[in-house]
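Novice: Residue numbers (full-length UniProt numbering), protein chains in the order written: chain A, 1 to 247; chain B, 1 to 247; chain C, 1 to 247; chain D, 1 to 247. Ideal placement from N, C-alpha and C gives every residue a C-beta, glycine not left out.
4 protein chains.
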Amino acid sequence: MTQKLNILVWNEGVHERNNDPATMADMYPDGMHGAIADALQRYYPDAAITTATLASPGFGLDEETLASTDVLLWWGHMAHDDVPDEVVERVQRHVLGGMGLVALHSAHFAKIFTKLLGTTCSLKWRNEGERELVWTVKPSHPIAAGVESPIVIPEQEMYGELFDIPDPDDLIFISSFTGGEVFRSGVTFSRGKGRIFYFSPGDQEYPVYHHPQVQRVLANGVGWVAQPQQHRQQPAVTNPARESFLA
Amino acid sequence: MTQKLNILVWNEGVHERNNDPATMADMYPDGMHGAIADALQRYYPDAAITTATLASPGFGLDEETLASTDVLLWWGHMAHDDVPDEVVERVQRHVLGGMGLVALHSAHFAKIFTKLLGTTCSLKWRNEGERELVWTVKPSHPIAAGVESPIVIPEQEMYGELFDIPDPDDLIFISSFTGGEVFRSGVTFSRGKGRIFYFSPGDQEYPVYHHPQVQRVLANGVGWVAQPQQHRQQPAVTNPARESFLA
Amino acid sequence: MTQKLNILVWNEGVHERNNDPATMADMYPDGMHGAIADALQRYYPDAAITTATLASPGFGLDEETLASTDVLLWWGHMAHDDVPDEVVERVQRHVLGGMGLVALHSAHFAKIFTKLLGTTCSLKWRNEGERELVWTVKPSHPIAAGVESPIVIPEQEMYGELFDIPDPDDLIFISSFTGGEVFRSGVTFSRGKGRIFYFSPGDQEYPVYHHPQVQRVLANGVGWVAQPQQHRQQPAVTNPARESFLA
Amino acid sequence: MTQKLNILVWNEGVHERNNDPATMADMYPDGMHGAIADALQRYYPDAAITTATLASPGFGLDEETLASTDVLLWWGHMAHDDVPDEVVERVQRHVLGGMGLVALHSAHFAKIFTKLLGTTCSLKWRNEGERELVWTVKPSHPIAAGVESPIVIPEQEMYGELFDIPDPDDLIFISSFTGGEVFRSGVTFSRGKGRIFYFSPGDQEYPVYHHPQVQRVLANGVGWVAQPQQHRQQPAVTNPARESFLA
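1. Starting from Y28/B and walking both ways along the beta strand (DSSP E), at which residues does that stretch end?
2. May I ask you to report which of helix, strand or coil DSSP gives I143/A?
3. Can you tell me the Cα-Cα spacing of R42/D and L171/D, whole angstroms?
4. Cβ closer than 7 angstroms: which chain C residues qualify as neighbours of W10/A?
5. Anything in chain B within Cβ reach of F109/C, meaning under 8 angstroms, just list it in chain order.
6. Shortest alpha-carbon distance to K4/C belongs to which of H33/C, I49/C, L123/C, A241/C?
7. Taking Cβ-Cβ distances shorter than 7 angstroms, what residues in chain D pair up with V182/B?
8. Which class does G186/B belong to by DSSP, given the choice of helix, strand or coil?
9. Here's the rule: buried if 16 or more other CB atoms are within 10 angstroms of the residue's CB, otherwise exposed. What is T188/D?
10. Should Q92/B be counted as a contact of the ligand COA given a C-beta to heavy atom distance under 7 angstroms?
11. Determine which residues share a DSSP beta bridge with M78/A and list them.
12. Tell me whether N220/B is buried or exposed, calling it buried when 16 or more other Cβ atoms sit within 10 Å of its Cβ.
13. From what residue to what residue does the beta strand (DSSP E) around D170/B run?
14. Output yes or no for whether 8 angstroms exceeds the beta carbon distance between L77/D and Q204/D.
15. Going by beta carbon distance, what residues of the same chain come within less than 8 angstroms of P207/A, once the five residues before and after it are set aside?
16. Given this structure, state the Cα-to-Cα distance separating Y159/A from R126/A, to the nearest angstrom.
17. Whole-angstrom Cβ separation of L61/D and A52/D, contact assumed at under 8 angstroms?
18. Going by the CB atoms, is the gap between L123/C and L73/C shorter than 8 angstroms?
19. What does the Cβ neighbour count give for Q227/B, buried or exposed, with the cut at 16 atoms within 10 Å?
20. Along chain D, which residues have their Cβ under 8 angstroms away from the Cβ of A236/C?
21. T238/D: buried (16+ other C-beta within 10 angstroms of its C-beta) or exposed?
22. Cutting at 6 angstroms between CB atoms, please list the residues of its own chain near I143/A, excluding the five before and the five after it.
23. So, with DSSP's three-state summary, where would you put D20/B?
24. Among the residues of its own chain, which have a CB less than 8 angstroms from the CB of P235/A, if the five just before and after it don't count?
25. Shorter than 8 angstroms from the beta carbon of G194/C to some beta carbon of chain B?
26. Taking only runs of the beta strand (DSSP E) that begin and end inside the region 86 to 153 of chain D, which ones reach a length of at least 3 residues, in chain order?
27. Which of helix, strand or coil does DSSP assign to G60/A?
28. Establish whether the CB of L117/A and some CB of chain C are separated by less than 8 angstroms.
29. If you follow the beta strand (DSSP E) that L5/B is in, where does it begin and where does it stop?
30. Can H211/D and I153/D be called in contact, C-beta distance under 8 angstroms?
31. Can you find a C-beta in chain D that's less than 8 angstroms from the C-beta of S140/A?
32. Contact criterion: CB-CB distance below 8 angstroms. Does L40/A meet it with respect to chain D?
33. Does any C-beta atom of chain D lie closer than 8 angstroms to the C-beta of P166/A?
34. To the nearest angstrom, report how far apart M1/D and A47/D are at their CA atoms.
35. What in chain B is Cβ-close to Q215/C, meaning under 9 angstroms?
36. If the criterion is Cβ atoms closer than 8 angstroms, does the pair T69/B and L8/B meet it?
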């Protein structure tokens, strides 16, 4: 993967700031965003990869930054409401214009995710360190390339159906958990001219983003949502004259 | 179709109030909503069919009304912004809880529609009375039952691609226009526990809702989105104990 | 559900003929087809429900029978190859013309199923009596109406991903098993003018078709695939003159 | 697009052999396959691009050739039945194992296409040199990258709905014709581990494959269906022991 991409890993950063859980600083000395950025850099050595959090100036999501971002990864959990609506609308506009979005784990409840999908994005959860198995169900999809089936994640928060999302464009991964629940854990959506990938493994209690297979999925996801050639402009209403396409 | 349903035909009613176009009062003496309600009553003689507009108390969309509505049809054009956000959120909650929604023509830009879909829902348009042909592309779908292909609508506003919507669950109808544009004119979506049908023919300048085939499509659409047995509650997050499903 | 339907429950009948497993005669004194037919009759008291097997004259699948059948349910396992190709082609023609098909369990390898889907329809399996949990993931679908989530089936054969099918029109149920595998256990397809529902629970070793929730799913599936008003003719090539639709 | 790919452009070659229409030799001195191969070579200068026809030894589709082919393009019309069933089964096995397939124009009736899709793939047609407009409806898809909307093809055979195919994974292009018909002219399917793209413009009567925009679509399609890293093996049934994935 030699594509030159501009990748922004956004994490609210609250668990890191509070060192909550107490293992956070040991597991993720540079934050979850740092670990993800490092992993992506190995897959995309030529990419320009940056990170930002709630504490960054302008949340790290100002117009100029977004305009030059090919792929935005988003992790959020405790502080969804601290992202102002105008920032969310800005991000939405860029996604509809072609910026790729990779939404991670508890970002199912991020404002940007529910706004793009239109549903509650609610789900079942239980945090008891159950084993998660991530099974590939669409092996022809680029995001499944080179990924083991199942990925075995020894400990994870359980996310279970009903996951209240629209029917995805592609259902790539389905997870099961020790307790028997299942979850559509890897799904894609297209919205406007943009592509979205949601991947559920990644709770702050466990070192999930250090798992080599999870890193591969994220790298594949970044490659798939990226459209560096896409003209960044969301679709707009037009009133063309008859046969103006012949001009 | 003998199902007993509660159907609410909502129309902003601005074109009717202003008699704009000047043919409105002649074409639709009881408004477009009146004509639609009459047509549906012939298909569903046992249904309780009511109408409401922007001028109705509480916009005709208060909690009690929505709670007892199986299917809401929505026509809007000039006054999308006059529907308050809290009303839109209420309607969204009911759709996600199982109320059927049939969005008509320029309702592609209604707040409730863009909020449920997450995209701009923009499109091309040109209002020169072109002929619209509505072709069936999914004949196995209940909404296509008994519908001629193509439906020939002598004069209509042109709506053309790109129609910025998410990939629909079902693509049932595709239209072409005299000028050569095409449009996904009949599409379904599921959101939460609810079903949505969008049907584009129906500009205020032409007597489209008197067309028998258009009426049949609307009747089919109402039948398909209706879930009178569905427990009206949008999906919500839960935190179940291990194997609580055995209880 | 008062629809008057013609329903044919087809079972190869080999496990019944051989009383294999030895519990068969006790579990299903009238065969699995008999149990299914009885269950459906309770949901559709006005329906004409018949059964047929490999041993029936003409396999019970002659032209006249199919022409008057609204819904065909199919169970097969040991003897897929004993169904002649011309019978399979006849059934395919009727499905494409609008006859509903409900394919059950090991019918994933029935000639009619792989022929309609175009893939291998292969899967993982293990028959150790694991618990199967059937989770609803599309609660707005008619086939999910009134169905508990999860359905708990105490003992079943494991069917696991990768299930090599085309992306279904609707993914309604996902199952998990004690061993951790997952399976898209309830899926729909449209082919031609016909509707297909595949439901995987139902191994011959266990009394699955006596499970009230499984019976409800089958009844819902029958109701959803049935199109008694559909003109039974598969799509065919035509060469229309310009604007012949105006005639 | 610098990917090194093995591309095989297959054309039955009957129109070329018979110089039918009489303009064939002038329009396509190296056959339609030759023109397509030349166009692809410009987009993929490093690719190994070969052509084959019905007259090639082993139809140019022997096991060894297919095993080393990343993408197979297929044009056929007069002689679908001259491709033996065992060749079709071989091609199907390779597609299910990950070989990309780009099916062109009248290949909608090629055995390999109907076998992979399971439907009649019938359609309306009329060959009067009508103008075809090809509109993009999924701008986020790689096959739409850099493609004008609409593509204007001055003269083409009309292909019209109902096109009897399964719901595609992605609907990328919809065409309209002078006579008012519409057609889903660019659609994708995944089958097994393989990807399929069907693109309808390309009748033998008109120089469609010299159209720069059509060439771009074909190049995009080749890039999208290609999976040079995919292990070429169609999915197969397995009987894994409990938790064998931990080994």
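Specialist: Put simply:
1. Segment: none, Y28/B is in no beta strand (DSSP E) and carries neither H nor E.
2. helix
3. 26 angstroms
4. Correct list: empty, because the minimum Cβ distance to chain C is about 29 angstroms.
5. Result: empty, since nearest Cβ-Cβ is about 24 angstroms, beyond 8 angstroms.
6. I49/C
7. W135, I174, S176, V182
8. strand
9. buried
10. As presented, the structure is devoid of all ligands, the ligand COA included, so that no description of it is given.
11. DSSP lists no partner for M78/A.
12. N220/B is buried by the Cβ-count criterion.
13. Going by DSSP, D170/B is part of the beta strand (DSSP E) stretching over 170 to 177.
14. For the record, residue 77/D in the displayed sequence is His; it is not Leu. Cβ distance < 8 angstroms, so H77/D and Q204/D count as in contact.
15. M27, Y28
16. Taking the CA atoms as reference points, Y159/A sits about 7 angstroms from R126/A.
17. 7 angstroms
18. no
19. buried
20. Ordered by position in chain D, the residues that pass the 8 angstroms Cβ test against A236/C are T120, S122.
21. Here T238/D is exposed: its Cβ has fewer than 16 other Cβ atoms, across all protein chains shown, within 10 Å.
22. For I143/A, where only same-chain residues beyond five positions count, the Cβ hits under 6 angstroms are I172, N220, G221, W224.
23. DSSP, reduced to helix, strand and coil, places D20/B outside both helices and strands of the structure shown, so it counts as coil.
24. L96, G192, K193
25. yes
26. Qualifying beta strand (DSSP E) stretches, in chain order: 100 to 104, 124 to 136.
27. Three-state result, G60/A: helix.
28. Answer no: the Cβ-Cβ gap between L117/A and chain C never drops below 8 angstroms.
29. No beta strand (DSSP E) holds L5/B; DSSP gives it neither H nor E.
30. yes
31. yes
32. no
33. no
34. Annotation note: pLDDT 46 at M1/D (below 50); position unreliable, coordinate value reported separately. Taking the straight line joining both Cα atoms gives about 10 angstroms.
35. Those within 9 angstroms of Q215/C in chain B number zero; the least Cβ separation is about 18 angstroms.
36. For T69/B and L8/B, yes; Cβs fall inside 8 angstroms.
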